[in-house]
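The numbering of the sequence shown is the working numbering, which starts it at -15 and goes up by one.
Backbone N, C-alpha and C fix where the C-beta goes; we use that ideal spot for every residue, glycine too.
This report concerns only the one structure given below.
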Amino acid sequence: MMSKLLTVITFLFTSTLAILATAIWSLFITITALIKLLIPIPIFSRLCSHLCNSMMWCWCTSLILILKVTNKHISWNIDGLSGLNKNNWYLLISNHQSWADVVMLCAILRNTIPMNKFFLKYQLLWVPFLGLACWGLDMPFMRRHSRTFLLKNPHLKDQDIETTRKSCEKFRSIPTTIVNFVEGSRFTDEKRLKTHSPYKHLLAPKTAGIAITLNMLGKQFDKLLNVTLYYPDNTVTPFLDILCGRMGRVIIRVETLPITEQMRGDYFNDKIYKRQFQLWLNTIWGKKDNLLDLLKKQFTEK
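Have a look at this one:
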């Protein structure tokens, strides 16, 4: 009984602090972004963008401090951060299990590389505080229409492609880390079976968005970061477990890969490039699936 009561209290305490931190920093970011919108002078716009990124760092740091206070038993097992630089441009791809992934990526990378810019579902734009803050940070909101919807509305087929292009243009002037959860959705066994994914621990990757990003900013990116996240003690509801103070071990592996000229091309008109790019990403995803299988065996035994 006391244990359940403590869990409820921790949940309310953590949630309240997280909402307050999000509301405060979101307000500052939104005001700065609106000023940037009203005064479209390039130098001033870059200054505002730098300021928004600094506020995002403060926001992430606030969330990490809350996490450390409420999750006493959390432990980190991280490998692959050496050689990274905050003055570089990175394209980051990762598996996606939970909202906890966003928190963890911000936690481990905020002092190592430029602030993360996530590709987000359009519905998140309407989340109080969070949506406006992400808009102010120039994060792209993707519609991700279903195949059935696109058959009825073919004129919207290239909507996400255009969103990606516009966002990439905004990221040219300031060192940026573009984060793409290439599975397009959080992993569940139900989704894996429904989509006939060939992997045990992953959904099949979606290649178009990352291909466009590489084509637009490929020469500007210094490296590609292939991140693998795993929570051996919190496999079912990791985000809820964070709020309840139950997060245990966090396993993070970062692989740094070169970005070559062969990775850039016209994904929609060059069929040879498209097949090669799909093969390249599927190969990375196959290795990631094997790594998750290895981590599961390694850390389940401990």
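If you run the structure through DSSP and keep just helix, strand and coil, what is residue i?
i      : result
K105   : strand
F125   : strand
R170   : coil
D277   : helix
I235   : strand
L240   : In the sequence on display, residue 240 carries Thr and not Leu. Looking at T240 - three-state DSSP - the assignment turns out to be strand.
L(-4)  : helix
L68    : coil
I329   : Look at the range of the chain in this structure, -15 to 286, and you will see that residue 329 is not part of it.
N266   : helix
N100   : strand
N37    : helix
F113   : coil
L140   : Here the model assigns L140 a pLDDT of 49, short of 50, so the residue's position is not dependable and the matter cannot be decided.
S(-13) : helix
Q282   : helix
R324   : Any answer about residue 324 is impossible in this case: the structure gives the chain only from -15 up to 286.
Q81    : coil
E245   : helix
F133   : With a pLDDT of 45 at F133, under the threshold of 50, the predicted position of this residue should be treated as unreliable, though the coordinate-derived value follows. Helix.
Return the bridge partner residues of residue i from the DSSP annotation.
i    : result
T15  : Note that residue 15 is Ile in the sequence shown, not Thr. Per DSSP, none; premise fails for I15.
S59  : R233
Y251 : DSSP lists no partner for Y251.
Y74  : T161 and K207
Does any residue of chain E have a CB that is nearer than 8 angstroms to the CB of residue i?
i    : result
V211 : The structure shown contains no chain E; it holds only a single protein chain.
Considering only residues of the same chain and omitting the five flanking positions on each side of residue i, which have a CB-CB separation below 7 angstroms?
i    : result
H34  : I158
T191 : F261, Q262 and L265
L68  : T96 and I97
I19  : C32
W269 : Y183, L186 and P189
I23  : none
C36  : I13, T16, A17, G120 and L121
D85  : S78 and L213
A7   : F113
D273 : Y183, K184, H185 and L186
F283 : P216, R233 and I235
S181 : L187 and A188
The ligand ZN and residue i: does the residue's C-beta get closer than 7 angstroms to at least one heavy atom of that ligand?
i    : result
F283 : The ligand ZN is not among the ligands present in this structure, which contains no ligands whatsoever.
By Cβ distance, which residues of its chain are closer than 6 angstroms to residue i, with the 5 residues on each side in sequence left out?
i    : result
L279 : Y214 and I235
C228 : T(-9), T(-6) and F(-5)
D122 : K154
K289 : Residue 289 is absent from the model: the chain starts at -15 and stops at 286.
N55  : G229 and M231
G168 : K190
Taking 8 angstroms as the limit between beta carbons, can you name the residues of its chain near residue i, skipping five residues before and five after?
i     : result
K203  : R248
F171  : N79, H80, Q81, H185, L186 and L187
N9    : Just to set this straight, residue 9 is Trp in the shown sequence, not Asn. So the list reads M39, M40, C42, W43, S46 and A117, once near-sequence residues are dropped.
S59   : G232, R233 and V234
S(-1) : L227
R30   : S157 and I158
L276  : N79, K184, H185, L186, T212 and Y214
L198  : L75, F205, I243, M247 and R248
Practice prompt. Would you mind listing the alpha helix (DSSP H) stretches within the region 161 to 233 that are 4+ residues and don't spill past its ends, in chain order?
Written response: 173 to 178, 192 to 201 and 222 to 227
Item to complete: Tell me, please, whether the region 236 to 256 touches the region 207 to 218 by the rule of three or more beta-carbon pairs shorter than 8 angstroms.
Response: Cβ pair count under 8 angstroms is three or more, so yes.
Item to complete: Tell me, please, whether the region 43 to 58 touches the region 91 to 101 by the rule of three or more beta-carbon pairs shorter than 8 angstroms.
Response: yes
Practice prompt. State whether the region 67 to 81 contacts the region 161 to 175, with contact taken as three or more CB pairs (one from each stretch) at a distance under 8 angstroms.
Written response: yes
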